[in-house]
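Novice: In our numbering, the protein residues as written are 2 to 144.
#1: Between the region 45-59 and the region 73-91, do three or more beta carbon pairs fall short of 8 Å?
#2: With 16 other CB atoms within 10 Å as the buried threshold, where does residue 39 fall?
#3: Of all the options 12, 106, 8, 46, which has the alpha carbon lying nearest to the alpha carbon of residue 83?
#4: Measuring alpha carbon to alpha carbon, tell me which residue in 11, 30, 36, 108 is nearest residue 89.
#5: In the DSSP assignment, find the unbroken alpha helix (DSSP H) run with residue 42 in it and report its ends.
#6: Measure the C-alpha to C-alpha separation of residue 6 and residue 67 and round it to an integer number of angstroms.
#7: Report the three-state DSSP secondary structure of residue 60 (helix, strand or coil).
#8: Quick one: measure Cβ to Cβ for residue 17 and residue 75, integer angstroms, because I've assumed they're closer than 8 Å.
#9: In angstroms with no decimal places, state the Cα-to-Cα distance between residue 108 and residue 10.
#10: Return the first residue and the last residue of the alpha helix (DSSP H) that residue 6 is part of.
#11: Quick one: Cα of residue 71 to Cα of residue 100, how far?
Written out as structure tokens, the structure reads:
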């Protein structure tokens, strides 16, 4: 998002609307590119990326305080894009999470059915001449 924010500032003079429109597909792509185990972090990462990328786009005065004022104002005025992108990332993450759980359940179902179809193996009875486990542990044998 920082690269898109810099390109927006250089090519289009820092248009917040263009930056917001570009943020939406980045959120969807981010949710698709996340590892399946980390997919629920996509809705958390999206607002952070929006904030970092907004730095070059935000209209702020000189100095740190002016830049911070411009950033807070940009976040307030572009909240719709921020919420929309976060919502898209969350929806994609939930769909991917549900699909992964469904695939895991589907793969586990045949294994469970195979286990149920086999008869339970009974353990053989110990022979009377073999020493018991507790006797072997103590070092004695029964006769």
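Built from N, CA and C at the ideal position, the CB exists for glycine as well.
Specialist: Put simply:
#1: The answer is yes - the region 73-91 touches the region 45-59, with three or more Cβ pairs under 8 Å.
#2: With fewer than 16 neighbouring CB atoms inside 10 Å of its own CB, residue 39 falls in the exposed class.
#3: Answer by Cα proximity: 46.
#4: Among 11, 30, 36, 108, the Cα nearest to that of residue 89 belongs to 30.
#5: Unbroken run through residue 42: none, as it is neither H nor E.
#6: Taking the straight line from one Cα to the other gives about 18 Å.
#7: If DSSP states are grouped into helix, strand and coil, residue 60 belongs with coil.
#8: In this structure residue 17 is in contact with residue 75, their Cβ atoms being roughly 6 Å apart against a cut-off of 8 Å.
#9: Taking the CA atoms as reference points, residue 108 sits about 49 Å from residue 10.
#10: Taken as a continuous stretch (DSSP letters only), the alpha helix (DSSP H) holding residue 6 covers 3-13.
#11: Going from the Cα of residue 71 to the Cα of residue 100 covers about 41 Å.
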